[in-house]
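Student: Each number in this note's numbering corresponds to the 1-based position in the sequence shown with 4 added.
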Amino acid sequence: MRRTMRGASTKFAVAAAVAALTVGFVGVTASAAPDSTPADQAQEQQLGDYIASGLHGAPVVDSGSAGSGSACTSGSGAGSGNGSGDCYGGSGSSSGSSGGFASDTVGYGPPQTSFLGGFAYSLTSPDAAPPGTNDWNCKPSPEHPRPVVLVHGTWSNAYDAFSFMSQPIKDAGFCTFTFNFGRANPIEGGGVGSVLPGVNGTGYIQDSAKQLSTFVDRVLVATGSPDVDIVAHSQGGPMANWYAKYEGGAAKVQNLITLGATNHGTSLAGIGALGRAVNNLGIDILGFIEIPVGHAGIQQTIGSDFINKLNEGGDTASGVDYTVIGTRYDEITNPYDLTFLQAGPGATVNNVTLQDGCEQDVSDHLTMMYSPRALSIALHALDPTGHPNLACTFNPWLIGGGGQL
Numbered sequence: 005m006r007r008t009m010r011g012a013s014t015k016f017a018v019a020a021a022v023a024a025l026t027v028g029f030v031g032v033t034a035s036a037a038p039d040s041t042p043a044d045q046a047q048e049q050q051l052g053d054y055i056a057s058g059l060h061g062a063p064v065v066d067s068g069s070a071g072s073g074s075a076c077t078s079g080s081g082a083g084s085g086n087g088s089g090d091c092y093g094g095s096g097s098s099s100g101s102s103g104g105f106a107s108d109t110v111g112y113g114p115p116q117t118s119f120l121g122g123f124a125y126s127l128t129s130p131d132a133a134p135p136g137t138n139d140w141n142c143k144p145s146p147e148h149p150r151p152v153v154l155v156h157g158t159w160s161n162a163y164d165a166f167s168f169m170s171q172p173i174k175d176a177g178f179c180t181f182t183f184n185f186g187r188a189n190p191i192e193g194g195g196v197g198s199v200l201p202g203v204n205g206t207g208y209i210q211d212s213a214k215q216l217s218t219f220v221d222r223v224l225v226a227t228g229s230p231d232v233d234i235v236a237h238s239q240g241g242p243m244a245n246w247y248a249k250y251e252g253g254a255a256k257v258q259n260l261i262t263l264g265a266t267n268h269g270t271s272l273a274g275i276g277a278l279g280r281a282v283n284n285l286g287i288d289i290l291g292f293i294e295i296p297v298g299h300a301g302i303q304q305t306i307g308s309d310f311i312n313k314l315n316e317g318g319d320t321a322s323g324v325d326y327t328v329i330g331t332r333y334d335e336i337t338n339p340y341d342l343t344f345l346q347a348g349p350g351a352t353v354n355n356v357t358l359q360d361g362c363e364q365d366v367s368d369h370l371t372m373m374y375s376p377r378a379l380s381i382a383l384h385a386l387d388p389t390g391h392p393n394l395a396c397t398f399n400p401w402l403i404g405g406g407g408q409l
C-alpha cells in the first residue's frame, strides 16, 4: 500500500515546498513592512486573520453566510466576489477567507495515455481543454440526447483529469464540455498549494456546486437539451451530488458517474481520520492543516460538516442514476468503499470496484482516470447498448496508460 502513495503525493510534496517558501517570504515581507502599500497591508491582515482562525478553531461556515457575491459581482457586507471574465459564481467573505471563481478553458491540449503525461502538460498549460471538449456548436443527436459535463477534482484541472477520457467520449457521439472550478487563492481559503499552476477545486465545495450549476445551465442553453450526464472525479463526485441535492441539479442530471469520489469522506490514508479524532479532543489540528491544503480538502475528511450534510436524509437525489467507480488501490479516497452509495427513493446506484473481473488493473486515485477499464465503465453507463463490453488491461499506479508514457 505504501507505494501507491507516491502518485498522489507528487502535488502535495510540491505544495509542502511552496508552503516552506511562503513562510520564508512572509518573514521577509514582515521585516519590510514600512515599504508596503495600504493594499498590501490589508491583504497581509486578511491572511493573518485567516491563519488565526485556523489556529483557534473558528468554525467553517457555509458559503455566503458571512457575505456573499458572484464571481463577477461584488458581495454583500464586507465580502466581495472574486474573478473576472467568464466566471460562474463564487462568494465573498467578511473575513476574507472565502471566495473564488470558475473559468473557461483556453485552447486545447493533446490526448494523453498516462497521468504523468497529462500532469506534466498541465504544468505549462494549466487552463488547456482536454481534447474533444467545449464545442459550443455541438448539438446532441437522437442516439445521444444528453451532453456530458466532465468535472475534475481537488488540486486538479480539466486537462490533467480528462486528457485520456475526453476524446473517446466525444468520439462515442456525445457533446462534451468541461471547465475549471473552485479557483481560490490563499487569501480566499484555497490553501498555499493554490498558487501552483493547474491547482483548482480548493475553495468551499458549496461554492463550487454553484459554479457547476451555472455552467450546466450554460451547456443546456447552448445544446438545447433539457438535461445532462456528468462524469466526475474525486471531489467532483460529492460536489456534483451537492448540486443535485441542494442546488436544483436533480432536475437537470440523468446520469452521475463518479470515479474515486469522496462521497462519504476520506481518511486520507489515516491522516484525515487522525486529525478528526484530535479535533474531537478540542485541539483544532484540522483548522491548522486547512491553511496549506485549502477549504475543500478539509471538507472531504470523514465526519466533516459538509460530508454529514451531503448525506443527510440519504446518499442520493431522486431522479438521478448513479454509477460509482472505486479502486482498491485508492490512496486518497480510503477506505475506498467509502465512495459507494446506497440508492434512495427515485434513484438507482451501480457500485463498481475497478478490479472486479480485472485484477491486473491496479489504478490508484489519479491513474484510474487513465484506465481503459474505467473509461469503458463510464461509456457503458452513458450508453449501455453502444458499449456493452468492458475493457481489461494492465494499468499501473502513478503512471497509468498501461505503463507507457
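Glycine residues also receive a C-beta, built at the ideal position from the N, C-alpha and C atoms.
In this structure, does DSSP put A133 in helix, strand or coil?
Tutor: Working through the sequence shown from its first residue, we reach residue 133 at position 129. Note: A133 maps to strand in three-state DSSP.
Student: Mapping DSSP to helix, strand and coil, what is H299?
Tutor: Translated into the one-based positions of the sequence shown, residue 299 becomes position 295. Looking at H299 - three-state DSSP - the assignment turns out to be helix.
Student: Using DSSP's beta-bridge definition, name the partner residues of R187.
Tutor: The count along the sequence shown starts at 1 and reaches residue 187 at position 183. Answer is F105.
Student: Measuring alpha carbon to alpha carbon, tell me which of P392, L402, A265, H391 ends up nearest L345.
Tutor: Translated into the one-based positions of the sequence shown, residue 345 becomes position 341. Taking only the C-alpha atoms, the option nearest L345 is A265.
Student: Going by DSSP in three states, L402 sits in which element: helix, strand or coil?
Tutor: Stepping through the sequence shown from its first residue, residue 402 is reached at position 398. DSSP places L402 in coil when its eight states are reduced to three.
Student: Does DSSP classify H156 as helix, strand or coil?
Tutor: On the sequence shown, position 152 is the one that residue 156 refers to. DSSP places H156 in coil when its eight states are reduced to three.
Student: If contacts are defined as beta-carbon pairs under 8 Å, then T206 and A300 qualify, I think. What distance do you get, rounded to the angstrom?
Tutor: Within the sequence shown, numbered from 1, the residue matching residue 206 stands at position 202. Within the sequence shown, numbered from 1, the residue matching residue 300 stands at position 296. Going by Cβ atoms, the distance from T206 to A300 rounds to 5 Å, so yes, they are a contact pair.
Student: Just the Cα atoms here: how many angstroms apart are F119 and I329?
Tutor: Along the sequence shown, one-based indexing puts residue 119 at 115. Along the sequence shown, one-based indexing puts residue 329 at 325. One C-alpha to the other measures close to 18 Å.
Student: Tell me whether A176 sits in a helix, a strand or coil according to DSSP, three-state version.
Tutor: Taking the sequence shown and counting its residues from 1, one reaches residue 176 at position 172. Note: A176 maps to coil in three-state DSSP.
Student: For L120, name the three-state secondary structure that DSSP assigns.
Tutor: Indexing the sequence shown from 1 puts residue 120 at position 116. Correct three-state label for L120: helix.
Student: Is any beta-carbon of chain B found at less than 8 Å from that of H299?
Tutor: Reference to chain B is not applicable here, since this structure consists of a single protein chain.
Student: Considering only residues of the same chain and omitting the five flanking positions on each side of D139, which have a CB-CB separation below 6 Å?
Tutor: Within the sequence shown, numbered from 1, the residue matching residue 139 stands at position 135. None.
Student: What are the boundary residues of the alpha helix (DSSP H) that includes I311?
Tutor: Here residue 311 refers to the residue found at position 307 of the sequence shown. Here the alpha helix (DSSP H) through I311 covers 309 to 314.
Student: Report the CB separation of H156 from F178 in whole angstroms; it is logged as a contact under 8 Å.
Tutor: Stepping through the sequence shown from its first residue, residue 156 is reached at position 152. Stepping through the sequence shown from its first residue, residue 178 is reached at position 174. Their Cβ separation, rounded to whole angstroms, is 18 Å, which puts H156 and F178 out of contact at 8 Å.
Student: Pick from I191, S271, T218, D325: whose alpha carbon is nearest that of D334?
Tutor: On the sequence shown, residue 334 is found 330 positions in, with the first residue counted as 1. For the residues I191, S271, T218, D325, the minimum Cα distance to D334 belongs to S271.
Student: In terms of residues, what are the limits of the beta strand (DSSP E) holding I329?
Tutor: In the sequence shown, residue 329 corresponds to position 325, counting from 1. Looking at the DSSP string, the run of the beta strand (DSSP E) that includes I329 is 325 to 330.
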